[in-house]
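Structure record follows, encoded as C-alpha cells.
See below:
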C-alpha cells in the first residue's frame with residue numbers, strides 16, 4: 064500500500080532510530096518536512112535538517128543529486144500549510160463482510176474485493192465520511208492483492224464484480240473511482256487490521272492459509288516451509304548478523 068497510515072510513528076522512528084524509507088526516500092523527506100515546518104523552522108533550515116538526516120541514515124545518499132527533490136518537497140509542504148500527521152490505528156472487518164466476499168467463490172475476485180473493502184474503510188477515515196469510495200489506481204490496488212495480472216485482466220475482474228453489485232464503477236471499467244457496496248459496520252468484528260503491510264494475508268489467514276508473523280518485525284508472511292520464520296528483510300539482517308558473529312569468532316581464535 065502506498066498510502067502512509069502511521070505518519071506519527073514513522074516520524075518518531077526517523078528521529079529516534081534513524082529510519083529512512085529506502086525504497087522511496089521521498090516519503091521520509093515529506094514527513095520530516097511536515098515535522099520540521101510544524102516546529103517553526105523556515106524552509107532553508109528544514110532543507111538543511113533533512114539533508115543532514117539523510118547523509119547520516121540513507122546509504123548511498125548524494126546531497127547534490129537529492130537537493131532539488133528535497134527543495135521541491137519542502138516547498139510543496141510549506142505551500143499547503145498542512146502539517147498534521149495522518150494516522151489510522153486500525154481498520155475493522157466484520158464477519159458479514161467476509162462472508163459476503165467469500166460468496167464470490169473465486170479467489171481472485173475475493174482478493175480484489177477484500178482489498179477494495181479495506182481501501183474504502185481507509186478512505187472513509189481519511190475523508191471523515193462514510194461514502195465508501197475508493198480513489199486509487201488499479202495497479203496499486205492489485206499490488207496489494209499480490210496478483211500479477213495484465214491490465215485487461217484487472218479490468219475484467221472489476222467489471223465482473225461490478226455486475227454482481229459488490230461495487231459501482233463511475234464511467235469506465237478501468238476508472239479508479241470505485242464505490243464499495245458491501246460495507247457493513249454493524250456486524251461482529253472478525254478481523255482487526257493494525258499493520259497495513261501484506262494486507263491480503265489477513266484474508267488468506269481467515270480463509271485457512273498458513274500465515275504467520277515474522278519473528279523479527281511482526282509483519283504477516285506466508286512461509287515457504289516450517290523453518291521460515293522471518294520476512295525477506297529480517298532474514299537478510301539475520302544473515303548479516305550471523306556473518307558478523309562468525310567473523311568475530313574467527314578473529315578471536317586468531
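In this note's numbering, the protein residues as written are 64 to 317. Beta carbons: idealized from backbone N, C-alpha and C, even for Gly. Quick caveat: nothing in here was measured; it's all calculated off a predicted structure.
Which value, in whole angstroms, describes the spacing of the CA atoms of residue 186 and residue 310?
Here residue 186 is taken as the residue at index 123 of the chain shown, counted from 1. Here residue 310 is taken as the residue at index 247 of the chain shown, counted from 1. Distance between the alpha carbons of residue 186 and residue 310 is about 50 Å.
Using a Cβ-Cβ cutoff of less than 7 Å, which residues in the same chain neighbour residue 319 once the five nearest sequence positions on both sides are dropped?
The question about residue 319 has no answer here: the residues shown for the chain are numbered 64 through 317.
Nearest candidate by alpha-carbon position, reference residue 258, set 123, 129, 142, 152:
For the purposes of this step, residue 258 is taken as the residue at position 195 of the chain shown. Comparing Cα positions, the closest option is 152.
Which runs of the beta strand (DSSP E) spanning at least 3 residues fall entirely within the segment 189 to 236, listed in chain order?
196 to 198, 230 to 232
So for residue 253, helix, strand or coil by DSSP?
Position 190 of the chain shown, counted from the first residue, corresponds to residue 253. DSSP places residue 253 in strand when its eight states are reduced to three.
Give the single residue among 260, 79, 202, 142 whose Cα lies nearest to the Cα of residue 216.
On the chain shown, position 153 is the one that residue 216 refers to. Selected option, being the one with the closest Cα: 202.
Indicate the three-state DSSP secondary structure (helix, strand or coil) for residue 140 in the structure shown.
By 1-based counting over the chain shown, the position of residue 140 is 77. If DSSP states are grouped into helix, strand and coil, residue 140 belongs with the helices.
Applying the 10 Å Cβ sphere with the 16-neighbour rule, what's the burial state of residue 305?
Within the chain shown, residue 305 is the residue found at index 242, counting from 1. Classification of residue 305: exposed, given that the 10 Å Cβ count is below 16.
Contact check, residue 194 vs residue 141, beta carbons under 9 Å
Translated into positions along the chain shown, residue 194 becomes position 131. Translated into positions along the chain shown, residue 141 becomes position 78. No. Outside cutoff.
Best match in 148, 168, 147, 176 for proximity to residue 160 [C-alpha to C-alpha]
Within the chain shown, residue 160 is the residue found at index 97, counting from 1. It is 176 whose Cα lies nearest to the Cα of residue 160.
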